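Shown next, in C-alpha cells, is the structure this report addresses.
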Amino acid sequence: MNVWLTHHRLAFAQVLRQLAHTPFANLLTMLVIGVALSLPAGLYALLKNIDKLATQAHGEPQITLVLASSANAEAISDLQARLKSHREIAEFQFISRDQGLQELARNSGLSDVTAGLEKNPLPDVITVRPAARDPETVSRLHRELQQLPKVEAALIDEAWVKRLHALLGLGQQAVTILSALLGFALIVITGNTIRLQILSQRDEIEVSKLIGATDPFVRRPFLYHGAVQGCAGGAIAWLVVAAAFHLLNAGTDKLTDLYALNFHLTVPAGADILGLLLFATLLGWLGAYLSVSQHLREIEPR
Amino acid sequence: MISFSQVAKRYPGGFEALREVTFTIEAGEMACVSGHSGAGKSTLLKLIAAIEAPSGGSVVVNGQNVGKMSRAAVPFLRRNIGLVFQDHKLLFNHSAFDNVMLPLRIAGFDPAESAKRVRAALDKVGLLGREKAFPVALSGGEQQRLCIARAIVNRPSILLADEPTGNLDANYARDILDMFKSFNQVGVTILIATPDPGTAQALNARLLTLNHGALVS
C-alpha cells in the first residue's frame, strides 16, 4: 500500500515537473482541448438556460374542463369533490358561465357585444392546475379528466410545450453528438501528445525496463499526464463558457427587457463543473492509456 | 544460480549467435566469458536478463526458467540482476544521484531509506562527491562507475557486466575489476563478458570461452 502510494506520488510529481519543463507546448495542448470541449459544454449550458426560461415563461401547465350544459349544481359539486381528492391535481377553480361572461366583457373590451347577446353562450368551466409539470404526466391527467362524467371537453395548451420539449430534446441530442465527436478529438489529441512524450523519453523507458520496471510503472506517469492535461482542458473549457456567457448577457439583458422576461444566462456551476472536469479527465486518461498501450511494447531493450 | 543447457540463439535472418551452450555458474562464483567480437558474449548475458529469449534449450536463473517466463514476471527477475553496460546507458537528463536512485524508485523503496542506499553505493564506487553532477560532466571512467553504482544499489545477487572496461585505460580498468572482486567477496555472483581472456586471470575467475557461438572451454 505504501509502495503503491509512493509510486503514485512520484509519478504525479514527475508529471508536474515535465509540465513545468515545457509550459508553452503543454499550455497550447490544453488550450486546444479546452476550446474543443467548450463547444458541447457551452451548448449544454445554453440548453439548460433555455429549459429554465421555458418553465418560467410558460408558468404552470393548465387543463381547462368544459362542462356539459346538462350539468346541474349537484353534478358540479360531485365533480369538484372528485377533483379535490385527486392526488395529481394541485389546485382547481370553478368558473360559472355567468362569471365567465362578466370576465370576458371586462377583459376583452367586448362589453357591447356581450351586452347584446340574448343568451349566455358560454359553458361552465373548471380550470385545473396539475401537481406535476412534465408533459407526460400532464397529458395522462388530461386524458383521465376527459373521461369524467359531465365533462364535455378537456382543453390543454400543450402543443407548444411539446414542441419546445421536442426542440430541447433535439438540442440535447446535438450536445451528445458534439460531445462524442469532440471527446474523440480529445482522445486523439491526448494520444498524440503522449506519443511524442513517449518518444522523447525512449531512453528512460528502455533503461527503466532494463532495471526491472513493470509495465504499470512505466505507464503511470503518462496516464497522469493525460489525465492532468484533460482536466486542465476541462477547466479552460469552463472558463471559455463563463467568458462567453458573460459577454452574451449584455445582449440578452436588452432582449429580455423588451419581452418583459427575467432571464439571465447562468454559467454552469457545482455538479456541472464537476461533471465537465471528470469527463475531460477521463478522456485524457483514456487517450493516454490507448497511446501508451500501443507504443510501450515497441520500446523493448535490445 | 545460472544454468544453461543446450542453449541456442538464432536471430531473425538466420544468424546463429549461440549453439549448444551448456554451463552452470554456482551462487557466489565469479566467471568471465571471453571470445572474439561477435562470438556471442553479449547474447549470452542478454539471455540471462531475459532481454532476449533463447531459440532452443533452457536458461535457468535462480531456479526460474527465463525463456518461458511471462512478460509480467520479467521485471522481478531483473530487479535481482545488476546490469553493467559498455555504453553505460545512463540518463543524461538526471543527476548522478537520480540515476542511481532509479532502481530503488522502480522497486518502490522508501525515499529516505533509498537516499541512504544511493549514497552508500556512490561511496563504494568513489563518486560520493559527485552526486549532483550530470553524466555529461563525468569522465568515461566515472560514467562506468556510476553505471556500476546503479547496478549494485538494489543489492542484486547477480551482477552481469558487458565489457565493463572496454573503453577505459588500464588504471581505470583495474579499479573497476577490483570493485567486482570486492562485490564477489560479499557473495555476489558475477559474470563478466570481455574480449580479453587475461581479465579472468587477473580476477582469478573461471573462464568460459566462446568461439562463433559455441562454448570451447
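Read top to bottom, the protein sequences are chains A and B.
Per the numbering used here, residue 6 is the first one in the first sequence, and the count goes up by one each step.
Per the numbering used here, residue 26 is the first one in the second sequence, and the count goes up by one each step.
No residue lacks a Cβ here, since even glycine has one placed at the ideal position from N, Cα and C.
Keep in mind it's a predicted model, so treat the numbers as computed, not measured.
_Beta-carbon neighbours of A:ASP208, restricted to chain B and to distances below 7 Å_ = What you label residue 208 of chain A is simply residue 203 of the first sequence in a count that begins at 1. Ordered by position in chain B, the residues that pass the 7 Å Cβ test against A:ASP208 are LEU116.
*Backbone secondary structure at B:MET55 - three-state DSSP*: On the second sequence, residue 55 of chain B is found 30 positions in, with the first residue counted as 1. Strand, per DSSP.
*Helix, strand or coil for B:ILE50 per DSSP?*
Along the second sequence, read from residue 1 onward, the residue named residue 50 of chain B stands at position 25. Reduced to three states, the DSSP call for B:ILE50 is strand.
*Hey, could you find the ends of the alpha helix (DSSP H) A:GLU79 is sitting in?*
By 1-based counting over the first sequence, the position of residue 79 of chain A is 74. Where A:GLU79 is concerned, the enclosing alpha helix (DSSP H) stretches over 78-90.
*Under the assumption that A:LEU3 contacts A:ALA41 (Cβ atoms under 8 Å), give the Cβ distance between them as a whole number of angstroms.*
What the structure shows of chain A is the stretch from 6 to 307, and residue 3 of chain A is not part of that stretch, so it cannot be assessed.
_Suppose the cutoff is 6 Å on Cβ atoms and the five residues either side in sequence are ignored; what does the same chain contact list for A:ASP162 look like?_
Indexing the first sequence from 1 puts residue 162 of chain A at position 157. The answer is none, since no qualifying residue turns up.
*Does the Cβ-Cβ distance between A:PHE227 and A:ILE203 come in under 8 Å?*
Numbered from 1 along the first sequence, position 222 holds the residue referred to as residue 227 of chain A. Numbered from 1 along the first sequence, position 198 holds the residue referred to as residue 203 of chain A. For A:PHE227 and A:ILE203, yes; Cβs fall inside 8 Å.
*State the start and end residues of the unbroken alpha helix (DSSP H) segment that holds A:ASN7.*
For the purposes of this step, residue 7 of chain A is taken as the residue at position 2 of the first sequence. Per DSSP, the continuous alpha helix (DSSP H) segment holding A:ASN7 begins and ends at 7-26.
*Thinking C-alpha only, which one of A:ILE68, A:ALA137, A:HIS12 is nearest A:PHE99?*
Locating residue 99 of chain A in the first sequence gives position 94, counting from the first residue. Of the listed residues, the one whose Cα sits closest to A:PHE99 is A:ILE68.
*From the DSSP output, in three-state form, read off A:VAL143 for me.*
Here residue 143 of chain A is taken as the residue at index 138 of the first sequence, counted from 1. Looking at A:VAL143 - three-state DSSP - the assignment turns out to be helix.
*Is any beta-carbon of chain A found at less than 8 Å from that of B:ALA131?*
As a working note, residue 131 of chain B is residue 106 in the second sequence. Per the sequence shown, residue 131 of chain B should be read as Ile rather than Ala. Yes, because at least one Cβ of chain A sits closer than 8 Å to the Cβ of B:ILE131.
_Quick check on DSSP: helix, strand or coil for B:GLY107?_
Position 82 of the second sequence, counted from the start, is the residue given in the question as residue 107 of chain B. In this structure, B:GLY107 counts as strand in the three-state DSSP scheme.
*How is A:ILE182 classed by DSSP in three states: helix, strand or coil?*
Counting from 1 along the first sequence, the entry for residue 182 of chain A is found at position 177. In the structure shown, A:ILE182 adopts helical secondary structure according to DSSP, grouped into three states.
*asked:* Using beta carbons (cut-off 8 Å, strictly below), is B:LEU69 in contact with chain E?
replied: Absent from the structure is chain E; the protein chains it does hold are A and B.
*Beta-ladder partner(s) of B:THR219, from DSSP*: Taking the second sequence and counting its residues from 1, one reaches residue 219 of chain B at position 194. According to DSSP, which records beta bridges pairwise, B:THR219 is partnered with B:SER59.
*Do the CB positions of B:LYS66 and B:LEU235 come within less than 8 Å of each other?*
By one-based count along the second sequence, residue 66 of chain B stands at place 41. By one-based count along the second sequence, residue 235 of chain B stands at place 210. A contact, by the Cβ cut-off of 8 Å.
*Name the chain A residues whose beta carbon is nearer than 8 Å to that of B:ARG180?*
Here the question's residue 180 of chain B lines up with position 155 in the second sequence. The premise fails here: B:ARG180 is roughly 13 Å from chain A at the closest Cβ pair, so nothing lies under 8 Å.
*Please list the residues of the stretch 177-203 of chain A that have a C-beta atom closer than 8 Å to any C-beta atom in chain B, keeping them in chain order.*
Answer set for the stretch 177-203 of chain A: empty.
*Leaving out five residues before and five after B:ASN105 in sequence, what residues of the same chain have Cβ atoms less than 7 Å from its Cβ?*
Taking the first residue of the second sequence as position 1, residue 105 of chain B is located at position 80. Result list for B:ASN105: ASN87, PRO181, SER182, ILE183, in chain order.
*Which residue comes first and which comes last in the alpha helix (DSSP H) that contains B:VAL32?*
Indexing the second sequence from 1 puts residue 32 of chain B at position 7. Unbroken run through B:VAL32 is the beta strand (DSSP E), 27-35; no alpha helix (DSSP H).
_List, in chain order, every chain B residue whose beta-carbon is nearer than 9 Å to that of A:SER298._
Within the first sequence, residue 298 of chain A is the residue found at index 293, counting from 1. Going along chain B, no residue has its Cβ under 9 Å from A:SER298, so there is no contact; the nearest lies around 13 Å.
*asked:* I'd like to confirm the pairing. Which residues does DSSP put opposite A:GLN234 in its beta bridges?
replied: As a first step, residue 234 of chain A is located in the first sequence; it is residue number 229 there, counting from the start. In DSSP, A:GLN234 forms no bridge with anything.
*Nearest to B:LYS114 by alpha carbon, out of A:LEU24, A:LEU215, A:GLY39, A:THR119?*
As a first step, residue 114 of chain B is located in the second sequence; it is residue number 89 there, counting from the start. In this structure, A:LEU215 is the residue among A:LEU24, A:LEU215, A:GLY39, A:THR119 with its C-alpha nearest to the C-alpha of B:LYS114.
*State the start and end residues of the unbroken beta strand (DSSP E) segment that holds A:ARG134.*
By one-based count along the first sequence, residue 134 of chain A stands at place 129. Segment 130-135, the beta strand (DSSP E) holding A:ARG134.
*DSSP-derived helix/strand/coil call for B:GLY191*: Counting from 1 along the second sequence, the entry for residue 191 of chain B is found at position 166. Three-state DSSP puts B:GLY191 in coil, outside helix and strand.
*Can you list the residues of chain A that B:ILE173 reaches, using a CB-CB cut of under 7 Å?*
Here residue 173 of chain B refers to the residue found at position 148 when the second sequence is read from its first residue. Listed along the chain, the chain A residues whose CB falls inside 7 Å of the CB of B:ILE173 amount to none; the nearest CB is some 13 Å away.
*asked:* When you compare the CB of B:GLY122 with every CB in chain A, is at least one pair closer than 8 Å?
replied: Indexing the second sequence from 1 puts residue 122 of chain B at position 97. The sequence as given places Phe at residue 122 of chain B; Gly does not occur at that position. False, the Cβ-Cβ gap to chain A never drops below 8 Å.
*Would you say A:PHE222 reaches chain B, if we count a Cβ-Cβ gap shorter than 8 Å as a contact?*
Counted from its first residue, the first sequence places residue 222 of chain A at position 217. By this cut-off, A:PHE222 is an interface position.
*Which word fits A:TRP290, buried or exposed, when buried means at least 16 other C-beta atoms lie within 10 angstroms of its C-beta?*
Position 285 of the first sequence, counted from the first residue, corresponds to residue 290 of chain A. A:TRP290 should be labelled buried.
*asked:* If you follow the alpha helix (DSSP H) that A:GLY114 is in, where does it begin and where does it stop?
replied: Indexing the first sequence from 1 puts residue 114 of chain A at position 109. DSSP places A:GLY114 in no alpha helix (DSSP H); its state is neither H nor E.
*Mind checking whether B:PHE122 and B:GLU167 have CB atoms under 8 Å apart?*
Locating residue 122 of chain B in the second sequence gives position 97, counting from the first residue. Locating residue 167 of chain B in the second sequence gives position 142, counting from the first residue. No.
_Interface flag, B:ILE177 vs chain A, CB-CB below 8 Å_ = Here residue 177 of chain B refers to the residue found at position 152 when the second sequence is read from its first residue. Interface with chain A (8 Å Cβ-Cβ cutoff): B:ILE177 is excluded.
*Measuring alpha carbon to alpha carbon, tell me which of B:TYR197, B:LEU127, B:SER139 ends up nearest A:ILE210.*
Position 205 of the first sequence, counted from the first residue, corresponds to residue 210 of chain A. Residue B:LEU127 is the option with its Cα nearest to A:ILE210.
*List, in order along the chain, the chain B residues whose C-beta lies closer than 9 Å to that of A:THR34?*
On the first sequence, residue 34 of chain A is found 29 positions in, with the first residue counted as 1. Here the premise fails: no neighbours, minimum Cβ distance about 21 Å.
_Own chain partners of B:GLU2 with C-beta closer than 7 Å, once the 5 adjacent residues on each side are dropped_ = In the structure displayed, chain B extends from 26 to 242; residue 2 of chain B sits before or after that span and is not available.
*Can we say the stretch 175-194 of chain A touches the stretch 85-93 of chain A, given the rule of at least three CB pairs closer than 8 Å?*
At 8 Å Cβ cutoff, the stretches do not touch.
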